[in-house]
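J.: In my numbering, the protein residues as written are 1039 to 1139. The following block contains the structure, expressed as structure tokens.
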């Protein structure tokens, strides 16, 4: 899904939420959830859209109608030694799509 498609889906009220997913190296990926399915956002080359900060994501999404947005960190429990068996839970924090500055 590209930004134009995201804009169309958001205007139609189909976007359940946007997730800004923290990945290794300090970058973030964006995905839209529509009817429970993840739709990764792609750049002009068709590759996964990466941003370098929450503010970069907010600037990129300025023209998109306001929808629920979350900052998501995947569970690291499977990478930790000696943790035993615990249910994996991603950290998902609601954030504002518009800058607080």
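Virtual Cβ for every residue (Gly too), placed ideally from N, Cα, C.
Where does residue 1040 sit, in a helix, a strand or coil, going by DSSP?
T.: Coil at residue 1040, not helix or strand.
J.: Where does residue 1089 fall in DSSP's three states?
T.: In this structure, residue 1089 counts as strand in the three-state DSSP scheme.
J.: Please classify residue 1129: does DSSP put it in a helix, a strand, or coil?
T.: Residue state, collapsed to three classes: strand.
J.: Which term fits residue 1061, buried or exposed, when burial requires 16 or more other beta carbons within 10 angstroms of its beta carbon?
T.: It is exposed - the Cβ of residue 1061 has fewer than 16 other Cβ atoms within 10 Å.
J.: Taking only three categories from DSSP, how would you classify residue 1082?
T.: Three-state result, residue 1082: coil.
J.: Distance check for residue 1066 and residue 1104, CA to CA, integer angstroms please.
T.: So the two alpha carbons sit approximately 19 angstroms from each other.
J.: Would residue 1043 and residue 1099 be called neighbours here (beta carbons separated by less than 8 angstroms)?
T.: Against a cut-off of 8 angstroms, the Cβ pair of residue 1099 and residue 1043 comes out as no contact.
J.: Using the beta-carbon count (16 or more within 10 Å), is residue 1096 buried or exposed?
T.: Counting Cβ neighbours within 10 Å, residue 1096 comes out buried, since at least 16 surround it.
J.: Looking at the structure shown, is residue 1047 part of a helix, part of a strand, or coil, going by DSSP?
T.: In this structure, residue 1047 counts as helix in the three-state DSSP scheme.
J.: For residue 1080, which residues from the same chain have a beta carbon less than 8 angstroms from its beta carbon, with the 5 sequence-adjacent residues on both sides left out?
T.: Once the five neighbours on either side are set aside, the close Cβ partners of residue 1080 are 1039, 1040, 1086, 1087.
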